[in-house]
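**Q** Per this note's numbering, residue 110 is the first one in the sequence shown, and the count goes up by one each step.
Handing you a structure now.
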Amino acid sequence: MNSKARSGGGSSWARLKAHSKTVRRRLEELVGESSEAAHADSIDPIGGARALEEELRKWRELCISAVDRLQPCVDKLRADRTDFLEHLEDRLRRELIRQGHEVFGDTSPLVVDGIVHIEIDKAAMAVSINSEPLEDLSILGISRAVHDRASTLQKDGTKPIVFLDQLADAYDRELRLGGKAPGTQVPALSLLGHILMARQSAGFRANPSARSFREYTREHFRADLYNLLRSGKLDHHAARFRYASGSDTLGAVFMFVPALERTAHVGRVWFEPT
110 MNSKARSGGG SSWARLKAHS KTVRRRLEEL VGESSEAAHA DSIDPIGGAR
160 ALEEELRKWR ELCISAVDRL QPCVDKLRAD RTDFLEHLED RLRRELIRQG
210 HEVFGDTSPL VVDGIVHIEI DKAAMAVSIN SEPLEDLSIL GISRAVHDRA
260 STLQKDGTKP IVFLDQLADA YDRELRLGGK APGTQVPALS LLGHILMARQ
310 SAGFRANPSA RSFREYTREH FRADLYNLLR SGKLDHHAAR FRYASGSDTL
360 GAVFMFVPAL ERTAHVGRVW FEPT
């Protein structure tokens, strides 16, 4: 086994599984070839029996040996898994803080830099970041994925003052669409579609195609909203951006709310005239 496999990282286990799958497939092909040869019209039954008896004996010995050697490894990993899951959040917090990230929360979901949510399901033995399942569940693998996602979201992020303008325009569009008065509360996610379309190029609006589409997901929206709330600069002309968190999750954004210092569903938003 190479040094990468010895490190025990999740990607190494993925490579091992892929290698094992290839070997099993080759074995199935070998069994098929042997069966065809045994039932061929013109065969050497003496040589064929001798060859298959010898190979079958070697395969039986190899499989028994493999089980005997691998079962202790499985038992060790199961014991390690119990300890790993028990202390996962704490170890992950320490590693991310060591890397210079801000980490909010002590249990799932952990929120990193306010924009990356780490969801840990110990019963299912699964970890997701921003609802995307991870394959490599080592501390290094998780922290690397979190760092990469945070870096990407920050790089693609919208400056708070620009995002506030976009929110205000989207809010006005939503009010006009529903025939509502200024100051009316609307579902937070109702503004996402308006902002998405406003970000598209004139070429896309004239001839929509996947090639010219500019992606803007709920993940981006949540990150931009967090950075705006953290900035505290919520005044827009003669109005102030307001939001309300609560138990109503319909059309809400689940996010880390700086003023609350915890996660909450931001369900309703509006611009209140000042």
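By construction, the Cβ of each residue, glycine as well, lies at the ideal position given by its N, Cα and C atoms.
Here the structure is a predicted model, which means the values were calculated and not measured.
In chain order, what residues of the same chain lie with their CB nearer than 7 Å to the CB of Thr-293, ignoring the 5 residues before and after it?
**A** Start at 1 with the first residue of the sequence shown, and residue 293 comes out as number 184. Counting only Cβ-Cβ distances below 7 Å, and skipping sequence neighbours, we find Leu-284 and Trp-379.
**Q** Could you name the residues of the same chain whose beta carbon sits closer than 7 Å to that of Arg-339, not counting the 5 residues immediately before and after it, in chain order?
**A** Working through the sequence shown from its first residue, we reach residue 339 at position 230. Result list for Arg-339: Gly-223 and Pro-367, in chain order.
**Q** What's the C-alpha gap between Leu-369 and Arg-133?
**A** Counted from its first residue, the sequence shown places residue 369 at position 260. Counted from its first residue, the sequence shown places residue 133 at position 24. Rounded to whole angstroms, Leu-369 to Arg-133 spans 54 Å at the Cα level.
**Q** What are the complete alpha helix (DSSP H) segments, minimum 4 residues, inside the region 142-204?
**A** Listed in chain order, they are 154-195.
**Q** Below 8 Å, how does it come out for the region 347-359 and the region 243-253: are there three or more Cβ pairs, yes or no?
**A** At 8 Å Cβ cutoff, the stretches do not touch.
**Q** Grouping DSSP H, G and I as helix and E and B as strand, with all else coil, what is Pro-367?
**A** Start at 1 with the first residue of the sequence shown, and residue 367 comes out as number 258. Three-state result, Pro-367: coil.
**Q** By the 10 Å Cβ neighbour count, where 16 or more other Cβ atoms means buried, how is Asn-336 classified, buried or exposed?
**A** Position 227 of the sequence shown holds residue 336. It counts as buried.
**Q** Can you tell me the Cα-Cα spacing of Asp-357 and Phe-363, whole angstroms?
**A** Taking the first residue of the sequence shown as position 1, residue 357 is located at position 248. Taking the first residue of the sequence shown as position 1, residue 363 is located at position 254. Using only the alpha carbons, I get a separation of about 11 Å.
**Q** State the CB to CB distance for the pair Leu-219 and Leu-201, rounded to an integer number of angstroms; the pair is presumed to be in contact (CB under 8 Å).
**A** Looking up residue 219 in the sequence shown gives position 110. Looking up residue 201 in the sequence shown gives position 92. Indeed they touch by this definition, with Cβ atoms about 7 Å apart.
**Q** Looking at Ile-238: is its Cβ nearer than 8 Å to the Cβ of Val-225?
**A** Reading the sequence shown from its first residue, position 129 is the one you call residue 238. Reading the sequence shown from its first residue, position 116 is the one you call residue 225. Yes, Cβ-Cβ distance for Ile-238 and Val-225 is below 8 Å.
**Q** Within the same chain, show all residues whose beta-carbon is closer than 6 Å to that of Lys-231, passing over the 5 residues directly before and after it, in chain order.
**A** The sequence position of residue 231 within the sequence shown is 122, counting from 1. Hits under 6 Å: Leu-194.
**Q** Have a look at the DSSP bridge pairing and note the partners of Thr-372.
**A** Taking the first residue of the sequence shown as position 1, residue 372 is located at position 263. Answer by DSSP bridge pairing, in chain order: Phe-365.
**Q** Along the alpha helix (DSSP H) that carries Glu-283, what are the first and last residues, could you check?
**A** Numbered from 1 along the sequence shown, position 174 holds the residue referred to as residue 283. Element bounds for Glu-283: 269-287.
**Q** Could you give the first and the last residue of the continuous beta strand (DSSP E) run that contains Glu-210?
**A** Numbered from 1 along the sequence shown, position 101 holds the residue referred to as residue 210. Going by the sequence as given, residue 210 is His instead of Glu. Segment: none, His-210 is in no beta strand (DSSP E) and carries neither H nor E.
**Q** Counting only the same chain and skipping the five closest in sequence on each side, list residues whose C-beta sits under 7 Å from that of Val-212.
**A** For the purposes of this step, residue 212 is taken as residue 103 along the sequence shown, with counting starting at 1. Here the set comprises Arg-202, Leu-205, Ile-206, Leu-219 and Val-221.
**Q** Looking at C-alpha atoms only, which residue of Leu-343, Phe-313 and Gly-266 is the closest neighbour of Arg-331?
**A** Numbered from 1 along the sequence shown, position 222 holds the residue referred to as residue 331. Measuring from the Cα of Arg-331, the nearest candidate turns out to be Gly-266.
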